[in-house]
Amino acid sequence: MATEGGGKEMNEIKTQFTTREGLYKLLPHSEYSRPNRVPFNSQGSNPVRVSFVNLNDQSGNGDRLCFNVGRELYFYIYKGVRKAADLSKPIDKRIYKGTQPTCHDFNHLTATAESVSLLVGFSAGQVQLIDPIKKETSKLFNEEYDFSTKWKR
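FYI, in this note's numbering the residues of the sequence shown are 715 to 867.
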């Protein structure tokens, strides 16, 4: 397609454009479907941790992924680096109000397709044992412990 007068071709596909309402950008699927976009905070950013486990199920999708963003904890089926996980459909999602998850890890020795143990550590010192497949909470450790007291030897 040629423009009048210039003869310049316009076969370029636009990835963004501006209107009076604002800027519109073409986003990749993984960024567009990201749950609850957390704005960047230069004062102190929330650490994101990722944990993997293989459940050896018969469907061929035995890998599971757990990650935290701020006060939210997500659990997904992981299909590898070539195929993005559907971030709009988590297996389990938990939002914590009083404290935020700072670390987590799976028990690889007892993991099965029906049940997996996930240990989650929080910023206030609590430790929680959960099963994201069964969507149940087993135990909460250090719930009433006061971490503000200082111990001396």
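Just so you know, even glycine gets a beta-carbon here, dropped at the ideal spot from N, CA and C. On a predicted model such as this, the values are computed, not experimentally measured, just so you know.
Smallest Cα separation from residue i: which of the options?
| i | options | result |
| --- | --- | --- |
| GLU786 | CYS817, GLU726, THR826 | CYS817 |
| THR826 | LYS807, PHE836, ARG778, THR813 | ARG778 |
Just verifying my parser: in three-state terms, what is the DSSP assignment at residue i?
| i | result |
| --- | --- |
| THR729 | coil |
| ASN782 | strand |
| VAL762 | coil |
| PRO804 | coil |
| HIS822 | coil |
| VAL795 | coil |
Which term fits residue i, buried or exposed, when burial requires 16 or more other beta carbons within 10 angstroms of its beta carbon?
| i | result |
| --- | --- |
| ARG796 | exposed |
| ALA769 | The sequence shown places Leu at residue 769, not Ala. Answer is buried; the Cβ neighbour count reaches 16. |
| GLN772 | exposed |
| TYR788 | buried |
| LEU832 | buried |
| ASN782 | buried |
| VAL834 | buried |
| VAL762 | exposed |
Name the two residues that bound the continuous beta strand (DSSP E) containing residue i.
| i | result |
| --- | --- |
| LYS739 | 736-739 |
| SER852 | 850-855 |
| LEU832 | 832-836 |
| GLN814 | No beta strand (DSSP E) holds GLN814; DSSP gives it neither H nor E. |
Under 8 Å Cβ to Cβ from residue i, same chain only, skipping five residues before and after it: list those, please.
| i | result |
| --- | --- |
| GLY812 | ALA838 |
Apart from the five residues just before and just after residue i, which ones in its own chain have a Cβ nearer than 7 Å to its Cβ?
| i | result |
| --- | --- |
| ASN775 | ILE791, LYS793 |
| ASN856 | GLY839, GLN840, VAL841 |
Go through its chain and collect everything with a Cβ distance to residue i's Cβ below 6 Å, but skip five positions before and after it.
| i | result |
| --- | --- |
| VAL764 | PHE781 |
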